[in-house]
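Peer 1:
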């Protein structure tokens with residue numbers, strides 16, 4: 001049934017389309033669109049699907065590299081060769097707005113969506129990571145969102161049997177009412193098993209598989225492209241409900257199907273559902289596609305064509321089979337208790353043609369929907385807030401009297417504290433490949449039947465980006481790379497999720513552009529291309545925009561997993577070295593925010609050459625088995641990093657730092673203890689290897705200071721800090737549970 | 001067509017952590033009159049049967065075979081003739 | 001000894017169990033699809049962890065009606081070996097091969113971490129290479145592992161030494177603080193009267209290789225295969 005509604009200017013506006021965009025639609029069609037067609041254009045031309053506001057900026061990011069088998073934008077996710085005839089496929093995506101409205105289902109379906117993006121390429125998902133941002137955890141509203149999001153991720157990921165192996169969580173007022181839920185998935189695929197999302201071969205049958213279509217998430221893509229307002233809470237029907245069991249069946253059936261050489265392409269139905277999957281597969285293949293809506297399985301009665309084409313019901317796939325292989329396809333889905341319904345076929349020409357009961361409901365050139373949406377170069381201007389927030393007079397910042405108290409306070413801050421309360425709710429071990437559990441600098445997964453390991457880290461310090469978007473973008477990439485390097489793995493490539501406010505505001509767009517510039521500089525320096533990702537705009541609560549938050553998912557390869565480096569101290573008597581240079585940098589630090597209540601100043605400077613030298617040194621040292629442990633210095637600086645090194649899950653170890661005299665003169669003590677100067681790492685080394693490590697650092701022109709020793713049951717730093725490790729660990733571990741109440 | 005409304009709860013002898021948590025939450029919200037709370041499951045089942053007795057017999061069998069676990073759960077149900085059976 | 005791993009829709013530790021049996025323990029092992037009515041000729045059947053049928057209704061409640069479960073029952077009746085791990089344990093309870101039932105964890109949260117188990121009885125094929133009182137470090141990963149049975153059943157199992165593993169502290173002390181899910185009498189694993197069926201919530205297949213942190217789970221496989 002087709003709604004017979006007159007398309008009025010008001011209706012066009014309600015669909016988020018401008019008069020100009022509507023004019024283009026008229027030109028493309030050569031006639032007035034009907035309501036279904038208008039809906040199809042509106043979802044495909046929304047920011048979520050078309051990147052119309054971000055495309056010109058995203059083009060700055062490097063997307064070429066020697067090991068890329070599929071580049072960013074070509075398919076659902078990029079693919080990187082890792083040797084041994086294997087490749088990895090990974091992507092990060094946001095589910096911020098649905099999670100703000102319904103945290104449990106919003107987060108759960110975020111996990112479901114990114115999993116489909118990976119297995120639709122023929123890859124088996126082997127890990128999930130989550131990068132989360134919330135407001136102040138001491139507020140009940142935040143606790144509700146936080147608990148709901150964590151439970152939703154656990155629900156979906158645990159049930160489907162893909163381990164959630166890490167991620168990060170920060171709490172900051174700027175996310176009040178607008179939490180960020182970014183989910184990353186990585187899959188592994190044989191080089192010859194890669195599946196494309198292409199509808200090739202005229203006459204090839206098109207199958208619909210998975211859950212029946214309901215009214216859920218109607219216009220979700222359009223929904224994700226609007227600012228949250230008070231009324232958003234009335235938008236509840238636009239949140240989808242996930243069924244991880246159904247998805248598990250889909251996953252296994254699709255991967256089994258790929259082995260049979262019976263399909264030419266596959267694409268999940270995510271945002272914009274049937275509309276997006278049909279027009280994108282046809283567009284990539286430069287073909288046409290025809291589907292009959294009468295055949296689409298439905299969960300609800302009385303749905304019209306507009307609703308069916310735009311529904312975002314979860315756990316659905318579009319499969320383009322080879323002609324003559326219909327039985328094979330149908331039998332495999334039957335085996336998994338799924339029903340594959342043939343809804344159409346690939347056609348010659350270039351049209352997406354939708355019929356229902358013999359009548360044409362929509363007829364639109366596939367490329368017009370998928371690739372020829374409008375692109376805008378938005379106005380940008382440097383925000384006025386910057387000058388005042390960047391100003392920081394160090395002489396006005398009093399050094400603390402009690403360093404013990406400051407360290408305890410930092411470890412008790414939910415952004416820094418142990419996240420075990422969260423990751424113990426995730427099955428992080430299923431598939432028996434997780435070698436480094438959450439809590440390490442990066443997660444490390446072994447690849448069975450090879451000597452290889454894959455290290456993954458997600459990072460993004462939004463306070464840095466708020467105070468200096470360019471430097472912040474650079475640091476996000478550098479820190480993610482450093483975390484991967486700390487495990488001994490070589491960084492390969494990144495995926496990214498760019499979370500910003502309303503791009504129509506020139507200040508926001510400027511932030512966006514600057515962050516991307518910073519990321520570009522770092523990606524080029526580290527030779528880690530971008531394989532894909534996602535942009536999430538309109539992250540604004542009624543009060544203000546969120547801090548600009550790029551989340552980088554860095555993936556690295558460890559050729560020989562026996563050379564892995566843990567983040568924790570392992571042995572009494574090992575020597576502790578501080579690698580890298582410390583400066584008087586306390587601007588934008590967690591210390592300044594938590595102890596002095598100031599989110600001000602310039603973030604630390606990142607010298608890319610110094611960072612490259614550090615990473616080269618670490619990789620060489622790891623390869624020569626000179627490192628017992630390595631841990632990156634980040635939020636909370638030296639003292640927090642040192643404490644974290646002491647909290648080994650295998651049993652804590654103390655540390656004594658007694659050679660501050662080696663550090664350059666003229667440093668403030670708070671900068672030494674809590675400053676966040678970049679390109680620094682704490683390593684522990686066997687006493688026998690002392691000379692070799694110093695020599696190697698000298699060759700690589702990296703500063704190295706032998707500042708202390710592992711041992712005892714206290715953390716001692718000069719005469720300023722002395723606390724029992726057990727006491728510190730208790731503060732670190734209880735910070736989140738005590739706020740949640742359990 | 002008959003409609004069965006089936007309620008399943010944990011037996012009184014079985015600890016119900018979910019019920020206790022919800023009860024505590026109600027108390028925190030100031031509902032001091034709430035004294036006991038059990039969380040259960042509710043099934044709404046449409047079935048074909050010749051009469052109410054036969055429907056009830058079927059529902060009982062379904063409960064005991066699949067819908068409940070007699071080790072921890074108990075159930076009660078009501079059966080009623082469905083009002084507006086849509087013509088097909 | 002030959003083994004089979006039953007695959008239910010929603011199983012997700014099937015490949016893990018297969019990997020340990022085949023690659024680590026070097027035992028011949030086959031997958032059995034849940035729709036099969038006949039098992040291959042094997043000595044050991046493993047019901048793996050996961051979320052069979054999405055854990056909808058109750059954990060294990062639907063899987064126990066799978067055709068393969070009839071064959072598993074026959075296999076057990078003949079005195080041959082069956083291990084149910086996590087969801088597999090839940091299925092064994094629903095199928096009546098072991099007594100009791102599972103409730104949601106006391107915290108109402110899913111929990112995945114290493115826990116300590118005390119070996120309570122060594123007179124089974126699963127524990128014969130251990131000593132009573134041995135402490136094992138093996139991970140759990142479940143939302144419903146809060147084992148429940150009535151007092152008569154509990155007393156019977158205690159009298160017959162059918163409780164094989166209890167949650168405990170690193171030093172072997174029993175107590176609520178070391179019980180991760182609230183299970184009755186700190187039960188982590190039990191056997192049947194004939195002592196050929198084992199149900200346990202912890203995952204020995206996740207603790208059978210050094211690279212994964214603990215090899216204590218191997219004791220179970222070694223007891224079975226090298227007894």
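Chains as they are written, first to last, in the working numbering: chain P, 1 to 742; chain R, 1 to 88; chain F, 1 to 227.
Backbone N, C-alpha and C define an ideal beta-carbon position, used for all residues, glycine too.
Look up residue 706 of chain P in the DSSP assignment and say whether it is helix, strand or coil.
Peer 2: Looking at residue 706 of chain P - three-state DSSP - the assignment turns out to be strand.
Peer 1: With a 10 Å radius around its C-beta and 16 neighbouring C-beta atoms as the bar for buried, classify residue 230 of chain P as buried or exposed.
Peer 2: Because residue 230 of chain P sits at a pLDDT of 48, beneath the cut-off of 50, its placement in the model cannot be relied upon, and the point is left open.
Peer 1: Taking the alpha-carbon of residue 80 of chain F as reference, which of F:11, F:134 and F:126 has the nearest alpha-carbon?
Peer 2: Measuring from the Cα of residue 80 of chain F, the nearest candidate turns out to be F:126.
Peer 1: Would you say the segment 266-276 of chain P touches the segment 317-325 of chain P, given that touching needs at least three Cβ pairs under 8 Å?
Peer 2: Contact holds: three or more Cβ-Cβ distances are below 8 Å.
Peer 1: Below 8 Å on C-beta distance, what does residue 18 of chain R contact in chain F?
Peer 2: Going along chain F in sequence order, the residues near residue 18 of chain R (Cβ under 8 Å) are 104 and 108.
Peer 1: Determine which residues of the segment 143-172 of chain F have a Cβ less than 8 Å from any Cβ of chain R, and write them out in chain order.
Peer 2: Per Cβ criterion, the list reads 146, 148, 149 and 150.
Peer 1: Using Cβ-Cβ distances below 9 Å, what residues of the segment 82-104 of chain F are close to chain R?
Peer 2: Residues passing the 9 Å Cβ filter: 93, 94, 99, 100, 101, 102, 103 and 104.
Peer 1: From the DSSP output, in three-state form, read off residue 98 of chain P for me.
Peer 2: Three-state result, residue 98 of chain P: helix.
Peer 1: Answer yes or no: do residue 164 of chain P and residue 130 of chain P have a C-beta to C-beta separation smaller than 9 Å?
Peer 2: Yes, these two residues count as a Cβ contact at 9 Å.
Peer 1: Could you compute how far the alpha carbon of residue 166 of chain F sits from the alpha carbon of residue 186 of chain F?
Peer 2: Taking the straight line from one Cα to the other gives about 5 Å.
Peer 1: Measuring straight from C-alpha to C-alpha, what distance separates residue 351 of chain P and residue 545 of chain P?
Peer 2: Near 40 Å, if we compare the C-alpha coordinates of residue 545 of chain P and residue 351 of chain P.
Peer 1: CA-CA distance, residue 342 of chain P and residue 265 of chain P?
Peer 2: Each residue's alpha carbon lies about 14 Å from the other.
Peer 1: Should residue 62 of chain F be flagged as near chain R, meaning a C-beta pair shorter than 9 Å?
Peer 2: With 9 Å as the cut-off, residue 62 of chain F counts as an interface residue toward chain R.
Peer 1: So, is residue 765 of chain P buried or exposed, given that buried needs 16 or more other C-beta atoms within 10 angstroms?
Peer 2: Any question about residue 765 of chain P goes unanswered here, given that chain P covers just 1 to 742.
Peer 1: By the criterion of Cβ-Cβ separation under 7 Å, what are the contact partners of residue 249 of chain P in chain F?
Peer 2: Correct list: 9.
Peer 1: Can you confirm whether residue 220 of chain F, when its beta carbon is compared against all beta carbons of chain P, has any partner nearer than 9 Å?
Peer 2: So, not an interface residue.
Peer 1: Have a look at residue 345 of chain P and residue 436 of chain P and give me their C-alpha separation to the nearest angstrom.
Peer 2: Their Cα atoms are separated by approximately 46 Å.
Peer 1: Roughly how many whole angstroms lie between the Cα atoms of residue 469 of chain P and residue 365 of chain P?
Peer 2: Each residue's alpha carbon lies about 39 Å from the other.
Peer 1: Go through its chain and collect everything with a Cβ distance to residue 49 of chain R's Cβ below 7 Å, but skip five positions before and after it.
Peer 2: So the qualifying residues of the chain are 2, 55 and 58.
Peer 1: Leaving aside the five residues before and after residue 41 of chain R along the sequence, list all residues of the same chain whose C-beta is less than 6 Å from its C-beta, in chain order.
Peer 2: Closer than 6 Å at Cβ, skipping near neighbours: 8.
Peer 1: Would you tell me roughly how many angstroms separate the C-alpha atoms of residue 494 of chain P and residue 432 of chain P, rounded to the nearest one?
Peer 2: Rounded to the nearest angstrom, the two C-alpha atoms are 25 Å apart.
Peer 1: What residues of chain F sit near residue 66 of chain R, judged by a beta carbon separation below 8 Å?
Peer 2: Per Cβ cutoff of 8 Å: 57, 61, 62 and 65.
Peer 1: Which bits of chain P does residue 217 of chain F rub up against, with CB to CB less than 7 Å?
Peer 2: The premise fails here: residue 217 of chain F is roughly 10 Å from chain P at the closest Cβ pair, so nothing lies under 7 Å.
Peer 1: Tell me, to the nearest whole angstrom, how far the beta carbon of residue 63 of chain P is from that of residue 72 of chain P; I am working on the premise that it is less than 8 Å.
Peer 2: Sure, about 4 Å apart at Cβ, within 8 Å.
Peer 1: By DSSP's criteria, residue 436 of chain P is part of a beta bridge. Which residues make up the other side?
Peer 2: Paired residue(s): P:444.
Peer 1: Helix, strand or coil: which one does DSSP assign to residue 403 of chain P?
Peer 2: Correct three-state label for residue 403 of chain P: helix.
Peer 1: Could you tell me if residue 38 of chain F is buried or exposed, where buried requires 16 or more neighbouring beta carbons within 10 angstroms of its beta carbon?
Peer 2: It counts as exposed.
Peer 1: Counting only beta-carbon atoms, is residue 158 of chain P nearer than 9 Å to chain F?
Peer 2: With 9 Å as the cut-off, residue 158 of chain P counts as an interface residue toward chain F.
Peer 1: On the three-pair Cβ rule with 8 Å, is the segment 632-649 of chain P touching the segment 500-510 of chain P?
Peer 2: No: fewer than three Cβ pairs fall under 8 Å.
Peer 1: Could you pull out every unbroken alpha helix (DSSP H) segment of at least 4 residues lying fully inside the segment 65-98 of chain F, listed in chain order?
Peer 2: Segments of the alpha helix (DSSP H) lying fully in the segment 65-98 of chain F: 67-77 and 87-94.
Peer 1: Starting from residue 610 of chain P and walking both ways along the alpha helix (DSSP H), at which residues does that stretch end?
Peer 2: Residue 610 of chain P -> alpha helix (DSSP H) spans 608-623.
Peer 1: Would you call the segment 90-100 of chain P and the segment 176-187 of chain P touching, i.e. three or more CB-CB distances under 8 Å?
Peer 2: Counting Cβ pairs under 8 Å, three or more are found: they touch.
Peer 1: In angstroms, rounded to a whole number, what distance separates the CA positions of residue 212 of chain P and residue 683 of chain P?
Peer 2: Those two C-alpha atoms are separated by around 54 Å.
Peer 1: Helix, strand or coil for residue 194 of chain P, going by three-state DSSP, please let me know.
Peer 2: DSSP places residue 194 of chain P in coil when its eight states are reduced to three.
Peer 1: Pick from P:479, P:196 and P:18: whose alpha carbon is nearest that of residue 69 of chain P?
Peer 2: Here the closest residue by C-alpha is P:196.
Peer 1: For chain P, is any of its Cβ atoms less than 9 Å away from the one on residue 70 of chain F?
Peer 2: Chain P, which has no Cβ nearer than 9 Å to the Cβ of residue 70 of chain F, makes this no.
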